[in-house]
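A quick write-up on the structure given underneath.
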Amino acid sequence: MRSLEKKRIPVMLWGLATTLLLSGCAGSGDEAPHQALAQVLPTEDARPTAEAERGPLLEALRSGDAQVRRFAVRGLGRLEDPELVPAAAGLLSDPDPEVRATAAFAVAQAVHGSDGAAALEPLLAAARSESLPAVRNVLARSLGRIRPAGAAPPGVLPVISAWIQDPDLPPKTAVGAALGLESLSRASGPAGSDPALYEALRSLAAYAPSGAADLEAVSRTRAVALLALGQRGQLDPVTLEAGLRDEDPVVRATAARYLRLIADAEVGERIMEALQDSALIVRIEALRAVAVAERTDPSCRMLLDRARNDDDTGARLVALEALGEPCPESVGDDVTAHLDSVASALSSDLETEWSPATYALGALAHLAPERARAILPTHRGHRNPFVRAAAASAAEVISDRTTLDDLATDPDPNVRNAALPALFALEGRALRPLLVEQLSSDDGQLLITVAGLLAGTDTSATPDARTAEAAITAFERISAARRETARDPRMALLALIRGSGTDSLARRLEPYLEDYDPVVAAEAAAILEAWTGEARRAAPRRLLRLPLPTAEQLAEMERNVVVLHMAGGGEIAIDLLPLLAPTNAYRFYRLAGEGHFDGLTFHRWVPNFVIQGGSPGANEYHGDGPYTRDEIGTTPHWRGTVGLSTRGRDTGDGQIFVNLVHNVRLDYDYTVFGAVSSGMDVVDALLPGAVIQRAEIRPKD
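For the sequence shown, the residue numbers in this note's numbering are 28 to 728.
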């Protein structure tokens, strides 16, 4: 791949480029979208706050090229500033439908996290005059998320309901309406529990137009409507039964999530049917329904049967974990014997599947502590750090100090991170010297944990010179790497420094008033002011942004696919969405080409939610160095989409997650930059610690 130089063109120069564009010297109505996006992307990525710096985006709204207008208005929305609503709303009547749809999304995103009153009337006016299904799709979704004064807005439900009543309701409009009403159903107060809302959702849950070409949109409509009804406890037996027998597995899984709403006389039969479903995601929901129900002989035998016999390890893990709750005596011995057998069968071979043994040990720790204690040495001495971390969790349950003492000094920081809080719960202040020693680590997650524990040991609120010295040394050390993604551990260390240090450390903290991270610089100023009583002003010196993709690189990403070759076999092909999330798609593409993901893991597995990975440290707080911006777009978090893991706005660090079901609650907060085009069966089979053998870039078929 091309060598990437870390430089960027100042925003003011892009104003000149935009002026040329508007005068007809740089583009036309036939201009490729890649070139159009490249022209406005630098201003969007700069996240300008001053009106003059936003000039290029505002000027581009008047471009003669519809693509430029579309990307410009989307960029305005991503600034999430309510003051920009009038400018974005001006394109709600654009002659180009793609521009109108993007403008609707931008108007709603501009008020994200704030009072949405400014966005309501423009969106309602546009909805009343719009007829195209694709634009109505986005308008419905945008209207559904508006919350003026914290309540659902008036006028939204009647507009969307009127569309739904069309006997020829197009799938594009239907799925947008379902998403909008799902958002609306989460509103507080009467609007979120309006009987008319539930009636509209029930009609969408039964949506099955004859001859529809877009079957995916049809099934997604039913799934989202079922989800919204279930969240509000409004799934009637007829609608739920229809969902359980739907041809689409995601719809069946969504319905199975609410099996508890079925009458007691019938729930057992429905659960048994769901447990035999061909789709893993359906069986997992059925297992969860059993897990939260009263523990009876039949329910425990259902769990035990799946723990023994399910074809998918993921379902067995869910069942094994659920068996940690006590069962009646009639089946209790069988449960304990099975857990004992699985936990004892841990192989020392790194290539052998180890998750069942760790899950069984965790359940056994709750049911038979002494038996778990006897098995623990095999787990705590395993070569795989994921196994040792699980051993620490089991040791916490049974208060096994020997295991916790051993793992608290483990060479792997993730194992220590699991063991130290458990050991601290047993030893309290006596653990302080060991905790201070851990501040020599460079692992962000461990530093956050240790800093929090050390703050918890200081009951006297008096300074502690040794702790403060270790904390500021750690802070200086990890700050020297100048990694934006070290913000969380650095802030945790600053909190510890503030509580344990004195103004004798002021000289060492002074340089960080000009830190590269404005959040850290502001905190340094606050600490110095508290110590000295003198006003301090943060003057951060920001790092250069990551290089942005060129038009040629955007086109290149569309021609290729990133394939993750998983250890043990299986390929996951990811189609990137560079026109939707250019900087994040490019970062993933670049890192894949550089071998960054080779040998890394999917460290987080949450069944029927996401699987997350791509961290060099195999944890949430270790990613690629610089942050990337959020690029919130119109693609929902459907099953199979690939999203950007963040810890707050604009904190992407190269970690990714794959949605295992439709996770529409993540919309508007997390970036989608790709989608699994083949290998979703491989994704479904992934387990905690799954290793990415290598990432490959290859042309699309």
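We put the beta carbon where it would ideally sit given N, CA and C, even for glycine.
Contact annotation: the stretch 643-656 does not touch the stretch 580-590, with fewer than three C-beta pairs closer than 8 Å. Take Q261, set aside five residues on each side of it, and the residues of its chain with a beta-carbon closer than 6 Å to its own are Y225, in chain order. Between E658 and N690, the gap from beta carbon to beta carbon reaches 8 Å or more.
Under the three-state reduction of DSSP, T266 is assigned to helix. In chain order, Y654 place their CB closer than 6 Å to the CB of T678, counting only its own chain and leaving out the 5 sequence neighbours on each side. The alpha helix (DSSP H) runs of length 4 or more contained entirely in the stretch 290-340 are, from start to end of the chain, 291-302, 307-319, 324-336. Assignment of beta-bridge partners to V588 by DSSP yields R725. Here A204 really is in contact with A167; their C-beta atoms are around 5 Å apart, less than 8 Å. The Cβ atoms of A519 and G479 lie closer than 8 Å to each other. A distance below 6 Å between beta-carbons, with the five flanking residues on each side excluded, links E723 to the following residues of its chain, in chain order: V590.
When secondary structure is reduced to three states using DSSP, W190 falls in the helix class. If you draw a 10 Å sphere on the C-beta of M299, you find fewer than 16 other C-beta atoms in it, and that means exposed.
Residue pairing from DSSP places D602 in a beta bridge opposite A702. For A320 and D470, the gap between their C-alpha atoms comes out near 40 Å. Only buried fits R333, as 16 or more other CB atoms lie within 10 angstroms of its CB.
Residue burial is scored here from C-beta neighbours: R569 has fewer than 16 other C-beta atoms within 10 angstroms and is therefore classed as exposed.
Under the DSSP definition of a beta bridge, S215 partners with A178. Relative to R172, the option among I187, E496, G359 whose CA is nearest is I187.
Look at the beta carbons and you see the stretch 70-85 touching the stretch 97-110: at least three pairs across the two are nearer than 8 Å. Around the beta carbon of E541, fewer than 16 other beta carbons lie within 10 angstroms, which makes this residue exposed.
The C-alpha of S215 lies about 33 Å from the C-alpha of D241.
Annotated three-state conformation of T577 is coil, per DSSP. Closest in C-alpha terms to G140, from the list A87, V546, Y695, comes Y695.
Here the stretch 358-376 makes contact with the stretch 384-393; the two share three or more CB pairs at distances below 8 Å. Spatial neighbours of P383 in its own chain (CB-CB distance under 7 Å, excluding positions within 5 residues in sequence) are listed in chain order as T340, R343, L344, L347, V369.
A straight-line Cα-Cα distance of about 11 Å links A232 and G257.
One thing to note: L687 has its Cβ no nearer than 8 Å to the Cβ of V718. DSSP places A227 within a helical segment (H, G or I) once states are collapsed to three. Rounded to whole angstroms, the Cβ separation of R428 and D437 is 15 Å, and the two are not in contact under 8 Å.
Apart from sequence neighbours up to five positions away, the residues of its chain that approach P726 with a beta-carbon distance below 7 Å are R586, N587, ordered along the chain.
If you ignore the 5 residues before and after D275, its C-beta comes within less than 6 Å of the C-beta of S246, all in its own chain and listed in chain order. By the C-beta density criterion, A250 is buried, having at least 16 other C-beta atoms within 10 angstroms. Bounds of the beta strand (DSSP E) holding W632 are 631-633. Between V309 and A283, the C-beta gap is smaller than 8 Å, which places the two residues in contact. Residues R517, L520, L521, I524 of the same chain have their beta carbon placed closer than 7 Å to that of F502, with the five preceding and five following residues left out of the count.
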